[in-house]
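Numbered by our numbering, the letters in the sequence shown go through residues 10 to 148 in order.
Note that CB positions come from ideal geometry on N, CA and C, so glycine has one too.
All figures in this text were calculated on a predicted structure; none of them were measured in a lab.
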Amino acid sequence: MPTTTPTSGSFTYANWEEHPIGPADTTPRLARATVANTFSGGIEAAETACEYTITYTGEHVGTFAGMELLSGTVDGRKGTFVLEERGTFDATGATHCRFEVVPGSATGELTGLSGSGSFTARQGEPSVGYVFTYDYELA
10 MPTTTPTSGS
20 FTYANWEEHP
30 IGPADTTPRL
40 ARATVANTFS
50 GGIEAAETAC
60 EYTITYTGEH
70 VGTFAGMELL
80 SGTVDGRKGT
90 FVLEERGTFD
100 ATGATHCRFE
110 VVPGSATGEL
120 TGLSGSGSFT
130 ARQGEPSVGY
140 VFTYDYELA
C-alpha cells in the first residue's frame, strides 16, 4: 500500500507572456499565457514549461486551467512529470490554485508518481509557497 508523503517549497515566475484569444476589450474574455517557473524545496525544477487558458469574468477576476511540465526532482528522485492546474483569481490580487499529477506522465525515478497540491499567490510577491502530497504506485 502506497504511503503518502507531504512536501512543500516555493516557486518563482521566470517568465509570463499573456496574449488575448478573440476580442480583448469585452467581458467575458479569454487569454492564453505561456509561463516558465522555477521550483525549489520538495520539488526542484528549473524553467518549467506551462500553458494556461484564462477566462476573465471581470476586471482582474476569473478562472484558469493549465498544464505544466516539470523536469527535475521530487524529494531527491529524478524525472519528469506533468501537473494539471485549475484555479481562480480575484480583484484583491489573490490567485488560488489546486493541481494534480497527470496519471501516467511521470518518468525516470518518478515513474508511478501521483499526488496533488495547492498554492495561493499574491500579486507583487516574488515567491509563491506550495504544498504537495504524493505517493508512488510501484509496478
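Query raised in the report: Assuming Glu26 and Thr43 make a contact with CB atoms under 8 Å, what is their CB distance in whole Å?
Result: Translated into the one-based positions of the sequence shown, residue 26 becomes position 17. Translated into the one-based positions of the sequence shown, residue 43 becomes position 34. Under the criterion of beta carbons closer than 8 Å, Glu26 and Thr43 qualify as touching, at roughly 5 Å.
Requested in this report: Determine whether the Cβ of Thr16 lies closer than 8 Å to any Cβ atom of chain D.
Outcome: The chain inventory of the structure shown lacks chain D, comprising one protein chain alone.
Query raised in the report: Which one or two residues does DSSP pair with Gly18 in a beta bridge?
Result: The residue labelled residue 18 in the question sits at position 9 within the sequence shown. For Gly18, which the question treats as bridged, DSSP gives the partners Gly50, Tyr139.
Query - Candidates Gly133, Cys106, Thr101, of which the one nearest Gly67 by Cα - result: In the sequence shown, residue 67 corresponds to position 58, counting from 1. Measuring from the Cα of Gly67, the nearest candidate turns out to be Thr101.
Query raised in the report: Between Leu39 and the rest of its own chain, which residues show a CB-CB distance below 8 Å, the 5 nearest in sequence each way excluded?
Result: To locate residue 39, count along the sequence shown from 1; it is residue 30. Around Leu39: Pro29, Ile30, Gly31, Thr62, Ile63, Thr64, Tyr65.
Requested in this report: Just grab the DSSP bridge partners of Val110 for me.
Outcome: Within the sequence shown, residue 110 is the residue found at index 101, counting from 1. Bridge partners of Val110: Leu92.
Report task. Could you tell me the distance, in whole angstroms, from the CA atom of Ala103 to the CA atom of Lys87? Result -> Looking up residue 103 in the sequence shown gives position 94. Looking up residue 87 in the sequence shown gives position 78. Taking the straight line from one Cα to the other gives about 32 Å.
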